[in-house]
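To keep things clear, I will list the structure first and then write my remarks on it.
Protein chains: 2
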Amino acid sequence: MRAIQPIDWTPQGVRMLDQRRLPGEVVYNVYADYAAVAAAIRDMVIRGAPAIGVAAAMGVALGVERSAAKSLDDLRKEFPIICGTLAKTRPTAVDLFWAIERMKKSFAAAASAPGASLDSIRAAIVAEAKLLHLEKRAIDEAIGRFGAALMPQEGRVMTQCNAGALATAGIGTALGVIRVAVEQGRKLTVLVPETRPYLQGARLTAWELQQDGIPLTLITDNMVGHILKTQQVGAIVVGADRIAANGDAANKIGTYQIAVLAREHNVPFYVAAPISTLDLSIPSGEHIPIEERSPDEVTHLRGVRIAPDVAVANPAFDVTPARLIAAIITERGVARAPYTDSLRALANAKTPAD
Amino acid sequence: MRAIQPIDWTPQGVRMLDQRRLPGEVVYNVYADYAAVAAAIRDMVIRGAPAIGVAAAMGVALGVERSAAKSLDDLRKEFPIICGTLAKTRPTAVDLFWAIERMKKSFAAAASAPGASLDSIRAAIVAEAKLLHLEKRAIDEAIGRFGAALMPQEGRVMTQCNAGALATAGIGTALGVIRVAVEQGRKLTVLVPETRPYLQGARLTAWELQQDGIPLTLITDNMVGHILKTQQVGAIVVGADRIAANGDAANKIGTYQIAVLAREHNVPFYVAAPISTLDLSIPSGEHIPIEERSPDEVTHLRGVRIAPDVAVANPAFDVTPARLIAAIITERGVARAPYTDSLRALANAKTPAD
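Order-wise, the sequence lines are chains R and L.
Quick note, the first sequence lines up with residues 1 to 354 if you use the numbering used here.
Quick note, the second sequence lines up with residues 1 to 354 if you use the numbering used here.
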């Protein structure tokens, strides 16, 4: 299935589509060292939990591949610095930590293998990052197939933010569900809230759907209630940045109120996210830290001041309680309430994708 | 009570603060003929139902004062054209039609008075527009006093859009309530949703509160649910553009979903609006026409494209059903459910302000 590729491993370094400049400009940047990759993640050149995971893995791989270390011992000392730099970029995305942990395991295995050398470790760690990327793509396709069955045969569906190819480096989670449904012949029109302050809906989701020829209607975030009240909407499907053991889901700011409005209007509200987004170590959403971002994102737009110099709140995420979620769609199947049981079962299941 | 004056009658014509350029620039334009006043209303130099009413009345007065008519008959023929031009500017604001009707009555009385002349009619109609403006100010003060009693002694309150001095040409309706409450010594901080697409919250309400030294926190429209869930908010007070006989209230897009979220979090949701906003001729909100505005307001901000060229919905208003409204605050008192009875009683009451 065709979808834009926001990140790739190239001989020159990690190549990323600069999502900050969409939709006006389509610009690819190449990052030649791990600190630059970390800065790109922090500065939101790339965003979306799964894509951040891929970027972090590639960042670790790049750090190892291009390390100036002359001995295995030197590389062993540098490796935690590389991982630490990448871990410090975005506090909410559990995929980031998951990807770094996986790279640590790969490093440990390669470094302790019989006959391990700097070259063999470098080759192993680069291969691991590439494999992780391929697996992400397969995961999106599986989420898309499970989720498509929950979409209406025709009519309007709604999403939020960008849980698309730009966010996952595959076909997307929420948008993957919509892509597969459309490919199956369902006649869907996607309602796209612009998703202030960063406008991921307007800039990214609208652009991505337009590239694929999927019909959409762009709205502002305060139109959601009015649209659900006055128009028939068949389903809402969003991504997630982190899901607690009880099914509470952290996602882009605004997701929570869309879920409340969905219930008010009897529209099923679905979360589509990979198993790696599950954080069973936290019992509920109250334990998910919420990133507070710069006031400038609210008071300025593309460098233009749109508000006076006043106090601003800018939480980047919110938590949707499990009771508002009709189902959580993963690459291993669809979880329904009670989520504490269904999510644990999916987390423990073994699938060929593992 | 101090508050910015967005519109004034001057010897040069109708002077308006150009609200489109706030908060970056504070610019006053003078409009020397009625067609220019109509264009200013349509182009949102001035906005907010009561202020639009004042502007329409001044527009009618300006048309009569500066008419080239040489006879009473000529002026009688021109007058409906003047009124028609001003009536065609904004379809949702009932204050606009109310103000024009009042000017028509004033014109008819002046024109049929014994010894009526072009000069006497001109003087009468200009005086009527000025009186209407003074009455609007008195109305806001009365709304403010009734509403202030419903505000908490301290803590957070929330509003939406701009129902302030900039919207009413007085101290504001919703912001008038907050102003009087603060003047009474209540320690309030105002949560201000930015109110996309036109950003009346960010550009106007934030600026107006800042001018008065009232503490505020600016948020994006999709943070409302998260804020209500994670912080204590004592009350929400908004304006209205038109209120049906059953209490359903049309107001700026986004108001409806704030009301749903208020109920979800047990926060009282108040509408503050003058009696002139009541339209008892329509039984419920379903009969209120909703203005659909240009897609450019969503896809562009200050001339900068922020979304690709895609389909857009841009309803300027929505309707909040009466069941979500804790009380409707008017200059004649506070109406509570059942609104069909309480609003009719207030509409029929005679007060000194009449």
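Beta carbons: idealized from backbone N, C-alpha and C, even for Gly.
Since this is a predicted model, take the numbers as computed values, not measurements.
Over the uninterrupted beta strand (DSSP E) stretch that includes residue i, give me the two end residues.
i	result
L216 of chain L	L216 to I219
E154 of chain R	E154 to M158
A243 of chain R	Before going further, note that residue 243 of chain R is Ile rather than Ala in the sequence given. Segment R242 to A244, the beta strand (DSSP E) holding I243 of chain R.
D318 of chain L	F317 to T320
G234 of chain R	V233 to V238
L17 of chain R	G13 to L17
K187 of chain L	K187 to P193
Y28 of chain L	Y28 to Y31
K350 of chain L	That residue, K350 of chain L, is in no beta strand (DSSP E); it is neither H nor E in DSSP.
A124 of chain L	Looking at the DSSP string, A124 of chain L is not in any beta strand (DSSP E); the run it does join, the alpha helix (DSSP H), is L118 to A148.
Is the Cβ-Cβ distance between residue i and residue j less than 9 Å?
i	j	result
T220 of chain R	R196 of chain L	yes
S284 of chain R	V94 of chain R	no
P289 of chain R	T92 of chain R	yes
A347 of chain L	L261 of chain L	no
A368 of chain L	G176 of chain L	Chain L is shown from 1 up to 354; residue 368 of chain L falls before or after that span and cannot be answered.
C161 of chain R	V238 of chain R	yes
P274 of chain R	T173 of chain R	yes
A311 of chain L	E292 of chain L	no
V60 of chain R	C83 of chain R	yes
A387 of chain L	A240 of chain L	This structure cannot speak to residue 387 of chain L, because chain L is shown only from 1 to 354.
L218 of chain R	V298 of chain L	yes
Y34 of chain R	G63 of chain R	yes
A163 of chain L	P23 of chain L	no
I258 of chain R	P193 of chain R	yes
A87 of chain R	L96 of chain R	yes
H199 of chain L	A307 of chain R	A small correction: the amino acid at residue 199 of chain L is Leu; His does not occupy that position in the sequence shown. For L199 of chain L and A307 of chain R, yes; Cβs fall inside 9 Å.
F269 of chain R	I325 of chain R	yes
Between residue i and residue j, what straight-line distance do the alpha-carbon atoms span, to the nearest angstrom?
i	j	result
V149 of chain L	E25 of chain R	Looking at the sequence provided, one finds Ala at residue 149 of chain L rather than Val. Each residue's Cα considered, the two are about 53 Å apart.
V334 of chain L	E183 of chain L	20 Å
P295 of chain R	D341 of chain L	46 Å
A353 of chain L	E135 of chain L	The predicted position of A353 of chain L is uncertain, since its pLDDT is 45 and thus under 50; a value taken from the coordinates is nonetheless stated next. Looking at the two C-alpha atoms, the distance is approximately 7 Å.
R66 of chain R	T85 of chain R	15 Å
A124 of chain L	I52 of chain L	21 Å
A57 of chain R	D73 of chain R	21 Å
A108 of chain R	Y31 of chain R	25 Å
R102 of chain R	M16 of chain R	21 Å
L216 of chain L	D119 of chain L	49 Å
A337 of chain R	A249 of chain R	13 Å
N266 of chain R	R156 of chain R	14 Å
D212 of chain L	I236 of chain L	20 Å
K252 of chain R	T230 of chain L	16 Å
G115 of chain L	K130 of chain L	23 Å
R20 of chain L	M44 of chain L	7 Å
D318 of chain R	H226 of chain L	6 Å
Q12 of chain L	R90 of chain L	25 Å
What is the residue span of the alpha helix (DSSP H) that residue i lies within?
i	result
A333 of chain R	Sequence check: residue 333 of chain R is Gly here, not Ala. Note, G333 of chain R: premise wrong, no alpha helix (DSSP H); beta strand (DSSP E) at G333 to A335.
K77 of chain R	L72 to A87
D8 of chain R	From DSSP, D8 of chain R is part of no alpha helix (DSSP H) but of the beta strand (DSSP E) over I7 to T10.
V54 of chain R	A49 to E65
T255 of chain L	T255 to E264
Y34 of chain R	Y34 to R42
A99 of chain L	V94 to S112
T205 of chain L	Neither: T205 of chain L is in no alpha helix (DSSP H) and is coded neither H nor E.
If contacts are defined as beta-carbon pairs under 8 Å, then residue i and residue j qualify, I think. What distance do you get, rounded to the angstrom?
i	j	result
E286 of chain L	A142 of chain L	In fact, because the Cβ distance is near 30 Å, the residues do not count as touching under 8 Å.
I121 of chain L	A110 of chain L	5 Å
G170 of chain L	I139 of chain L	7 Å
K187 of chain L	E154 of chain L	4 Å
Q: Please name the residues in the region 214-229 of chain R whose beta-carbon is closer than 9 Å to at least one beta-carbon of chain L, in chain order.
A: P215, L216, T217, L218, I219, T220, D221, N222, M223, V224, G225, H226, I227, L228 and K229
Q | Contact residues within the region 176-208 of chain L, judged by C-beta distance below 9 Å to chain R | A | T189, L191, V192, P193, E194, T195, R196, P197, L199, G201, A202, R203, A206 and W207
(Q) Taking beta-carbon pairs under 7 Å, can you tell me which members of the region 315-331 of chain R lie near chain L? (A) P315 and D318
**Q.** Interface residues of the region 248-267 of chain R facing chain L [CB-CB below 7 Å]
**A.** I253, G254, Y256, Q257, V260, L261 and E264
Q | Residues from the region 137-155 of chain L in contact with chain A, defined by Cβ distance under 9 Å | A | The structure shown contains no chain A; the protein chains it does contain are R and L.
Q: Give the residues from the region 11-26 of chain L that approach chain R closer than 9 Å (Cβ to any Cβ), ordered along the chain.
A: L22, P23 and G24
Q: Mind checking the region 158-177 of chain R against chain L and listing, in chain order, the residues whose C-beta falls within less than 9 Å of any C-beta there?
A: Q160
Q: For the region 88-106 of chain R, enumerate the residues whose C-beta is nearer than 8 Å to any C-beta of chain L, in chain order.
A: none
Q) In the region 37-60 of chain R, which residues sit with their C-beta less than 8 Å from some C-beta in chain L, listed in chain order? A) none
Q: Quick one: which residues of the region 287-298 of chain L get their C-beta closer than 7 Å to a C-beta of chain R? List them in chain order.
A: V298
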